[in-house]
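S.K.:
2 protein chains.
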Amino acid sequence: MQKRPVFIVSDRTGITAETLGHSLLTQFPKISFETTILPFVDTEEKIFGAVLQIDRAAEAYGVKPLVFTTFANPEYNHRLFAAHGVFFDLFDTFLDRLEKELGQESAHSAGMSHGIRDHDSYTARISAVNFSVHCDDGLHPEAYSQAELILMGVSRSGKTPTSLYLAMHFGLFCANYPLTEEDLEAGVMPKVMIPHRDRIFGLTIDPLRLQVIRQERRSRGQYAELRQCRFEVRQAEAIFHDGKVPYVDTSAASIEEIATTIIARKQLRRGYR
Amino acid sequence: MQKRPVFIVSDRTGITAETLGHSLLTQFPKISFETTILPFVDTEEKIFGAVLQIDRAAEAYGVKPLVFTTFANPEYNHRLFAAHGVFFDLFDTFLDRLEKELGQESAHSAGMSHGIRDHDSYTARISAVNFSVHCDDGLHPEAYSQAELILMGVSRSGKTPTSLYLAMHFGLFCANYPLTEEDLEAGVMPKVMIPHRDRIFGLTIDPLRLQVIRQERRSRGQYAELRQCRFEVRQAEAIFHDGKVPYVDTSAASIEEIATTIIARKQLRRGYR
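Residue numbers (our numbering), protein chains in the order written: chain E, 2 to 274; chain P, 2 to 274.
Below you can see the structure in the form of structure tokens.
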């Protein structure tokens, strides 16, 4: 397998450059990329160190490293070009066109996208994360009136990671409610949840996939038996139908896919806070 | 304030396009961007709908919307160009150069970066999120032997969101331990934590900022008094010094900045799972 060194270099967190590089490189599954991330490269010394690291990799691999950068400080960016790399710069590439289109110069300031820009919305995002932890796994249903969304599903259907992702990225107040044995036996929307019906979104899952997940974790009695998984999923879907709540199949979807699907279908606000 | 409509359009989650658009647009703080996100645009009909929405916005605002796209299917991408927008295509722009550089065609497949590519690493990431919730706020210290990192700090110093972020994004098994009243009184590394010292990272915070955060949340007795905040922060830092554990000031830092700083300083692996 072809190997290629990759560097992600930024004067701030490097998260944007990392996202860009990752998205592009996953389009080349036949190459093994060996990635080094250099965040907070914000002094002459650190730039010098980065150039050195890139040059060493070029020598060791016998090929120029791919270098993904987002420098808000263009001076540092240009100094990095002294290294023997192939450069992909998000800002350089697009900011010129944007400046012309908008008739304004860009702020050229670092850390705008992953720093704290707006204290109120930042605090709201932290509050959302705290809320999701507070209302994880059926805890504190008395706080459901504050929830913008309540995920419902059987154990291990993906409720916890999805609600935390929605809180972390979109500042959404998201609770999650695990269907209990009694709920599943009854097969109808639990009475206590009826008042919140408009904000409920169901998660369902292929029973076979559920079994695999449950087996990986623990095998408490019948918990991970296929028969039990089939029963629970069937009853959960009956509950969603009874309550007329929408639901999504999480079997082959990533957290990001589940989260963005729910936001789109519930027409909730989406945007980095 | 100048207003400008913005569209993020993708045949998958749109997260990459959203991140890049956001990073670029935050460089123009004087313009008010009104963003519409259209994920999962993966049929002829949906493309047609997207073109219509962009055209309507162009008419309503009297200016062409900025359109950030990441289509893995180039055909859809090209059809979107029929709309009256100014297009910034992240794949088109960089993939050509990458293909030439790597001597390979790109996979042109959608959902590579935010879908499930590798089941094992995806499962590991979910396990990390579950672990962080399991070990949030001092819960289940018996599981600390599994932790790759343990955040330590006073109440409201940012432990919970940071550890969840580290788990979600980097698949890191991260616990967090809140310093108790007794710990703070003692002012030395708690005995139970000494065996884990190598994996502890401290969070400190400006007492004034801590007071603001605590007041926003609740004001239980002396909890949010400045005097108390000062005492706790001073003792927490004494504990970090006593235990010789590194720490970072979270006062003016975002979750992303705190998380990436810790990863860089502890030289932990970083990479989207």
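Even glycine gets a Cβ: it sits at the ideal position worked out from N, Cα and C.
All of these numbers come straight from a predicted model, not from anything done at the bench.
Kindly list the residues whose CB is nearer than 8 Å to the CB of Val-249 of chain E, restricted to its own chain and excluding five residues on each side of it in sequence; keep chain order.
M.R.: For the purposes of this step, residue 249 of chain E is taken as the residue at position 248 of the first sequence. Within the same chain, Val-249 of chain E has close Cβ partners Phe-202, Gly-203, Leu-204, Thr-205, Ile-259, Thr-262, Ile-263 and Arg-266.
S.K.: Could you check the C-alpha separation between Gln-236 of chain E and Arg-157 of chain E for me, to the nearest Å?
M.R.: Counting from 1 along the first sequence, the entry for residue 236 of chain E is found at position 235. Counting from 1 along the first sequence, the entry for residue 157 of chain E is found at position 156. One C-alpha to the other measures close to 15 Å.
S.K.: So, is the C-beta of Ser-156 of chain E closer than 8 Å to a C-beta in chain P?
M.R.: As a working mapping, residue 156 of chain E is identified with position 155 in the first sequence. For Ser-156 of chain E, not one C-beta of chain P is nearer than 8 Å to its own C-beta.
S.K.: Helix, strand or coil, according to DSSP, for Asp-97 of chain E in the structure here?
M.R.: Along the first sequence, one-based indexing puts residue 97 of chain E at 96. Here Asp-97 of chain E sits in helix by DSSP.
S.K.: Taking 8 Å as the threshold (C-beta atoms), are Val-134 of chain P and Met-169 of chain P in contact?
M.R.: Position 168 of the second sequence, counted from the start, is the residue given in the question as residue 169 of chain P. Position 133 of the second sequence, counted from the start, is the residue given in the question as residue 134 of chain P. Contact flag unset, no.
S.K.: Quick one: measure Cβ to Cβ for Ile-240 of chain P and Val-189 of chain P, integer angstroms, because I've assumed they're closer than 8 Å.
M.R.: To locate residue 240 of chain P, count along the second sequence from 1; it is residue 239. To locate residue 189 of chain P, count along the second sequence from 1; it is residue 188. That pair is a contact at about 6 Å.
S.K.: Would you say Ile-16 of chain E lies against chain P (beta-carbon separation less than 8 Å)?
M.R.: The residue labelled residue 16 of chain E in the question sits at position 15 within the first sequence. Closer than 8 Å: yes.
S.K.: For Pro-75 of chain P, decide whether its Cβ has a neighbour in chain E, counting only Cβ atoms nearer than 8 Å.
M.R.: Along the second sequence, read from residue 1 onward, the residue named residue 75 of chain P stands at position 74. For Pro-75 of chain P, the answer is no, since every Cβ of chain E falls outside 8 Å of its Cβ.
S.K.: Looking at C-alpha atoms only, which residue of E:Ser-107, E:Pro-66, E:Phe-49 and E:Ala-58 is the closest neighbour of His-79 of chain E?
M.R.: Taking the first sequence and counting its residues from 1, one reaches residue 79 of chain E at position 78. Nearest C-alpha to His-79 of chain E: E:Phe-49.
S.K.: Please return the same chain residues whose Cβ sits closer than 8 Å to the Cβ of Ala-18 of chain P, not counting the five positions on each side in sequence.
M.R.: Stepping through the second sequence from its first residue, residue 18 of chain P is reached at position 17. Hits under 8 Å: Ile-9, Val-10, Ser-11, Phe-69, Thr-70, Thr-71 and Leu-91.
S.K.: Touching or not, the segment 163 to 178 of chain P and the segment 135 to 145 of chain P, by the rule of three or more beta carbon pairs under 8 Å?
M.R.: yes
S.K.: Name the chain E residues that come within less than 8 Å of Ile-32 of chain P, Cβ to Cβ?
M.R.: In the second sequence, residue 32 of chain P corresponds to position 31, counting from 1. Those within 8 Å of Ile-32 of chain P in chain E are Leu-103 and Gln-105.
S.K.: Note down, in chain order, each residue of its chain lying with its Cβ closer than 6 Å to the Cβ of Pro-6 of chain E, except the 5 sequence neighbours on either side.
M.R.: As a working mapping, residue 6 of chain E is identified with position 5 in the first sequence. Excluding residues within five positions, the ones whose Cβ falls inside 6 Å are Glu-35, Ala-58, Tyr-62 and Pro-66.
S.K.: Under a CB-based cut-off of 8 Å, is Thr-70 of chain E close to chain P?
M.R.: By one-based count along the first sequence, residue 70 of chain E stands at place 69. Closer than 8 Å: no.
S.K.: Name the DSSP beta bridge partners of Leu-152 of chain E, please?
M.R.: As a working note, residue 152 of chain E is residue 151 in the first sequence. Note: Leu-152 of chain E sits in a beta bridge opposite E:Asn-177 and E:Phe-202.
S.K.: Taking the alpha carbon of Phe-88 of chain P as the point to measure from, which residue in P:Thr-163, P:Val-52, P:Asp-97 and P:Ser-122 has its own alpha carbon closest?
M.R.: Position 87 of the second sequence holds residue 88 of chain P. Of the listed residues, the one whose Cα sits closest to Phe-88 of chain P is P:Val-52.
S.K.: Leaving out the 5 sequence neighbours to the left and right, which residues in its chain are closer than 6 Å to Asp-243 of chain P when beta-carbon positions are compared?
M.R.: The residue labelled residue 243 of chain P in the question sits at position 242 within the second sequence. Excluding residues within five positions, the ones whose Cβ falls inside 6 Å are Val-189 and Met-190.
S.K.: Around the C-beta of Asp-121 of chain P, are 16 or more other C-beta atoms found within 10 angstroms, so that it is buried, or is it exposed?
M.R.: As a first step, residue 121 of chain P must be located in the second sequence, where it is residue number 120. So Asp-121 of chain P ends up on the exposed side.
S.K.: Rounded to whole angstroms, how far is the Cβ of His-286 of chain P from the Cβ of Ser-255 of chain E, which I believe are closer than 8 Å?
M.R.: Here chain P comprises residues numbered 2 to 274, so residue 286 of chain P is not present and cannot be evaluated.
S.K.: Can you tell me whether Phe-117 of chain P is helix, strand or coil according to DSSP?
M.R.: Start at 1 with the first residue of the second sequence, and residue 117 of chain P comes out as number 116. According to the sequence provided, residue 117 of chain P is Ile. The question's Phe does not apply to it. Reduced to three states, the DSSP call for Ile-117 of chain P is coil.
S.K.: What's the gap between the Cα of Tyr-123 of chain E and the Cα of Glu-217 of chain P?
M.R.: Within the first sequence, numbered from 1, the residue matching residue 123 of chain E stands at position 122. Within the second sequence, numbered from 1, the residue matching residue 217 of chain P stands at position 216. Rounded to whole angstroms, the gap between the alpha carbons of Tyr-123 of chain E and Glu-217 of chain P is 13 Å.
S.K.: May I ask which residues mark the beginning and end of the alpha helix (DSSP H) holding Asp-90 of chain P?
M.R.: Residue 90 of chain P sits at position 89 when you count from the first residue of the second sequence. That residue, Asp-90 of chain P, is in no alpha helix (DSSP H); its beta strand (DSSP E) goes 87 to 90.
S.K.: Can you pull the chain E residues whose beta carbon is under 7 Å from the beta carbon of Ile-127 of chain P, in chain order?
M.R.: Here residue 127 of chain P refers to the residue found at position 126 when the second sequence is read from its first residue. Ordered by position in chain E, the residues that pass the 7 Å Cβ test against Ile-127 of chain P are Pro-162.
S.K.: Ends of the beta strand (DSSP E) at Val-10 of chain E?
M.R.: Stepping through the first sequence from its first residue, residue 10 of chain E is reached at position 9. Counting along the chain, Val-10 of chain E sits inside the beta strand (DSSP E) bounded by residues 3 to 11.
S.K.: Taking Cβ positions only, does Leu-91 of chain E come closer than 8 Å to chain P?
M.R.: Indexing the first sequence from 1 puts residue 91 of chain E at position 90. Yes, Leu-91 of chain E counts as interfacial toward chain P.
S.K.: Going by DSSP in three states, Phe-69 of chain P sits in which element: helix, strand or coil?
M.R.: Counting from 1 along the second sequence, the entry for residue 69 of chain P is found at position 68. Looking at Phe-69 of chain P - three-state DSSP - the assignment turns out to be strand.
S.K.: Any beta-carbon of chain E closer than 8 Å to the one on Pro-196 of chain P?
M.R.: If you number the second sequence from 1, residue 196 of chain P lands on position 195. Not an interface residue.
S.K.: Reducing DSSP to helix, strand and coil, say where Thr-17 of chain P ends up.
M.R.: Start at 1 with the first residue of the second sequence, and residue 17 of chain P comes out as number 16. DSSP places Thr-17 of chain P in the helix class (H, G or I) of the three-state scheme.
S.K.: With 16 as the cutoff for other CB atoms within 10 Å, does Gln-28 of chain P come out buried or exposed?
M.R.: As a working note, residue 28 of chain P is residue 27 in the second sequence. That one is buried.
S.K.: Name the residues in the segment 248 to 261 of chain E whose C-beta lies less than 9 Å from a C-beta of chain P; which are they?
M.R.: Ala-253, Ala-254, Ser-255, Ile-256, Glu-257, Glu-258, Ala-260 and Thr-261
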